[in-house]
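2 protein chains.
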Amino acid sequence: MTETTAKAERPPRLSADDWAQGALDLIAEQGVNAVAVEPLARRLGVTKGSFYWHFPSREALLKAALERWEQMEQELVFGSLEAISDPRERLRQLFRLVAHEVKPHIIYSEMLKALDHPVVQPVMGRVSGRRLDYLTASFRQAGMGRTDAQQRARLTYAAYVGFLQLSLQLQQPRLHHDEFEAYVDHVMATLIPA
Amino acid sequence: MTETTAKAERPPRLSADDWAQGALDLIAEQGVNAVAVEPLARRLGVTKGSFYWHFPSREALLKAALERWEQMEQELVFGSLEAISDPRERLRQLFRLVAHEVKPHIIYSEMLKALDHPVVQPVMGRVSGRRLDYLTASFRQAGMGRTDAQQRARLTYAAYVGFLQLSLQLQQPRLHHDEFEAYVDHVMATLIPA
DNA sequence: ACCTGAACACCGTTCAAGT
DNA sequence: ACCTGAACACCGTTCAAGT
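Chains as they are written, first to last, in my numbering: chain A, 4 to 197; chain B, 4 to 197.
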């Protein structure tokens with residue numbers, strides 16, 4: 004009677020995806036280095052030995068988790084900005100979106116803090132490369148020459164990454180709301196071509 | 004006969020400074036996370052047990068090593084730029100110096116990659132805070148208003164940190180010499196007031 | 001004053017055995 | 001197909017004992 008064809012009261016058996024999502028949750032909460040097999044197993048209610056049925060190593064788990072994130076983040080960029088046709092307006096909208104959405108930056112910030120890890124680096128390289136290309140194309144469409152657009156894209160993306168880094172470094176004197184808005188305006192005025 | 008008052012043929016006994024310098028060397032060579040008590044002890048030719056006579060923990064060793072670096076790096080900034088009186092010329096010189104000196108960025112880059120570590124964060128906060136203040140003062144002296152100077156300093160330092168980050172992330176398509184020079188020119192033209 | 005050597009805890013990894 | 005439990009290696013930490 005405990006066994007029906009309907010999948011109802013199975014014991015909590017886990018899939019590789021469950022482990023990957025658990026790792027991603029841990030990254031968002033406590034950073035990349037908090038992803039450890041034994042604590043994660045405890046959290047999921049199994050013993051650490053069972054982990055090795057799903058993944059060959061901790062590195063492989065991290066890789067799966069980060070690639071899961073990479074896919075999600077790529078879908079986000081697709082949907083949100085393609086609607087705006089005017090290139091300079093699209094850039095302004097991009098700056099505002101980046102400035103005011105918090106959640107998408109959490110995992111990215113955690114990865115910034117853990118760039119030491121060999122699994123993190125290539126994922127970041129791919130994501131940042133794509134974003135740089137998108138920025139370069141946008142500056143071109145806004146009327147800049149090829150070289151100028153490339154350099155401006157690099158400077159702009161460096162400003163973005165650097166701002167996140169500074170926020171991580173100087174946790175005390177974080178900008179207050181009005182100062183932050185003024186800073187975003189300053190950045191837009193300085194970096195978006197007239 | 005083996006014991007003279009002259010300090011000649013002692014066995015290689017170590018001081019706390021020796022351990023701190025060894026840790027700093029390891030950071031420059033292999034990153035913050037490579038600082039481990041047992042490997043460092045092997046490298047220094049002693050057993051790991053002896054480490055705990057000098058430091059209470061691995062964290063304390065890291066702290067000592069990073070504060071050693073912080074002091075050195077502060078002396079560097081002092082000496083190199085105070086001679087130039089024209090503020091805009093001093094800014095240009097600062098950009099060029101930062102762009103062309105390699106060594107001082109090595110430890111800084113390793114710390115960027117390990118910002119996850121609680122010992123790294125406050126050191127980075129102090130160093131970056133000082134540099135931000137210096138930049139703000141320079142932009143003020145170059146004629147900008149208080150708020151503008153602060154924001155421009157933040158943007159400029161973010162561009163610096165972000166450029167280092169990008170170099171760490173995209174290790175493949177590093178800029179070639181001429182491209183890099185052109186990029187530095189672009190950054191100076193965009194960020195230094197006319 | 002500085003070091004050794006043995007001990008313990010914690011986590012990554014392996015694997016035979018269970019369901 | 002997924003999990004347990006015991007084992008081993010590696011590193012952080014402690015400490016009694018050596019010089």
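We put the CB at the ideal spot given by N, CA and C, even for glycine.
- Chain A places a beta carbon closer than 8 Å to that of B/GLN172, counting this residue as a contact.
- Contact check for A/LEU17 against B/ALA161 fails: the beta carbons are separated by 8 Å or more.
- Of all residues in the stretch 141-168 of chain B, only THR150, ASP151, GLN154, ARG155, ARG157, LEU158, TYR160, ALA161, ALA162, TYR163, VAL164, GLY165, PHE166 and GLN168 come within less than 8 Å of chain A when Cβ atoms are compared, listed by chain position.
- Exposed is the label assigned to B/GLY48, since fewer than 16 other Cβ atoms lie within 10 Å of its Cβ.
- Going by DSSP, A/ASP181 is part of the alpha helix (DSSP H) stretching over 180-194.
- Under the Cβ criterion of 8 Å, B/ASP119 is counted among the residues facing chain A.
- Annotation for B/LEU29: ALA37 and VAL38 place their beta carbon closer than 6 Å to its own, counting only its chain and skipping 5 residues before and after.
- Counted as a single uninterrupted DSSP element, the stretch harbouring B/GLU85 is not any alpha helix (DSSP H), since DSSP gives it neither H nor E.
- Within 7 Å of the CB of A/MET127, the CB atoms of chain B belong to GLN172, in sequence order along the chain.
- In the three-state DSSP reduction, B/LEU47 falls in the helix class (H, G or I).
- A/ALA37 sits in a helix when the DSSP states are folded into three classes.
- With the rule of 3 Cβ pairs closer than 8 Å, the stretch 55-63 of chain B does not count as touching the stretch 85-100 of chain B.
- Looking at A/PHE142, A/THR150 and A/LEU135, the one whose alpha-carbon comes closest to that of B/GLU182 is A/THR150.
- With distances taken between CA atoms, B/ALA152 lies nearest to A/THR193 out of A/THR193, A/ILE87 and A/ALA19.
- Contact check for B/GLY128 against A/GLN172 passes: the beta carbons are separated by less than 8 Å.
- Around A/HIS179, no beta-carbon contact reaches into chain B at under 8 Å, the shortest distance being about 13 Å.
- The residue from A/PRO121, A/GLN77, A/LEU135 and A/PRO90 with its alpha-carbon nearest to that of A/PRO107 is A/GLN77.
- With contacts defined by Cβ atoms closer than 8 Å, B/ILE109 and B/TRP72 do not form a contacting pair.
- Residues of the stretch 34-54 of chain A that bring their beta carbon within less than 8 Å of a beta carbon in chain B comprise GLY34, VAL35 and ASN36, in sequence order.
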